[in-house]
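K.L.:
Sharing a structure here in structure tokens format.
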Amino acid sequence: MAGEESVKTPAPPCTYCGRDTEPVTGKKVYPHIQHEDLWPGKYWLCEYCNAYVGCHADSDIPLGTPANGELRRARTKAHKQFDKLWRGANKSPRKQIYESLAHHLGIPTEKCHIGMFDLKQCKMTEDWSRDKALLRQVRSIKKNHEPRRGRKRKQW
Ligand SMILES: [Zn+2]
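Going by this note's numbering, the sequence shown opens with residue -17, and the numbers climb by one from there.
Laid out in structure tokens, this is it:
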């Protein structure tokens, strides 16, 4: 169990009730999953709302805002779609994708972190990412089937 003195970051308030969250380890958040990667991790937890957020590696700095089960699932889904845009085929630079998403959501780029999104923003991110990925697929298919530029088709 981490002692009080090891916590340097002020507790992020719970997204739902506004109470200060408690610093806990993964053992508290995932009591039924005994996993060496999960248990030592640090989390900020609101037990009243079952809302929590993980921390950046080896720190007490939260990765975003505390989220309940519904919001955690929504963020995971949004991340899954969004990450395809800069990880998969036809990818764009990550920074550029974040800038486009921020523009779409109407928020500043520096505030554009899925770990801070609410349910509505997660849904918007998921839909936007899916549309963008589809559009790219269509474009890349078209590109591969277009006749090369500068070369005239044979006139029969
Ligand atoms: Zn709470």
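Every residue gets a Cβ at the ideal spot worked out from N, C-alpha and C, and that includes glycine. These figures come from a predicted structure and were not determined experimentally.
#1: For L53 and E128, I'd like the C-alpha separation in whole angstroms.
#2: Taking the beta strand (DSSP E) that T(-3) belongs to, which residues open and close that run?
#3: Is there at least one non-hydrogen atom of ligand 1 closer than 7 Å to the beta-carbon of Y(-2)?
#4: Grab me the residues of Y30's own chain with a C-beta within less than 7 Å of its C-beta, minus the 5 sequence neighbours each way, in chain order.
#5: Around the Cβ of P44, are there at least 16 other Cβ atoms within 10 angstroms (buried) or fewer (exposed)?
#6: Determine whether the beta carbon atoms of W21 and G36 lie at a separation below 8 Å.
#7: Please identify the residue among Y25, K62 and K66 whose C-alpha is closest to the C-alpha of E49.
#8: What is the DSSP secondary structure of Y25, reduced to helix, strand or coil?
#9: Alpha carbon to alpha carbon, how far is R118 from W68? Give it in angstroms, no decimals.
#10: Mind listing, in chain order, the continuous beta strand (DSSP E) runs of no fewer than 3 residues lying wholly within the segment 39 to 72?
P.N.:
Taking the definition as stated:
#1: 43 Å
#2: Careful: T(-3) lies outside any beta strand (DSSP E) and carries neither H nor E.
#3: yes
#4: C(-1) and R1
#5: buried
#6: Result no, Cβ atoms of W21 and G36 do not sit closer than 8 Å.
#7: Note that residue 49 corresponds to Ala in the displayed sequence, not to Glu. Ranking Y25, K62 and K66 by Cα distance to A49 puts Y25 first.
#8: Residue state for Y25 is assigned as strand, using DSSP reduced to three classes.
#9: 12 Å
#10: none
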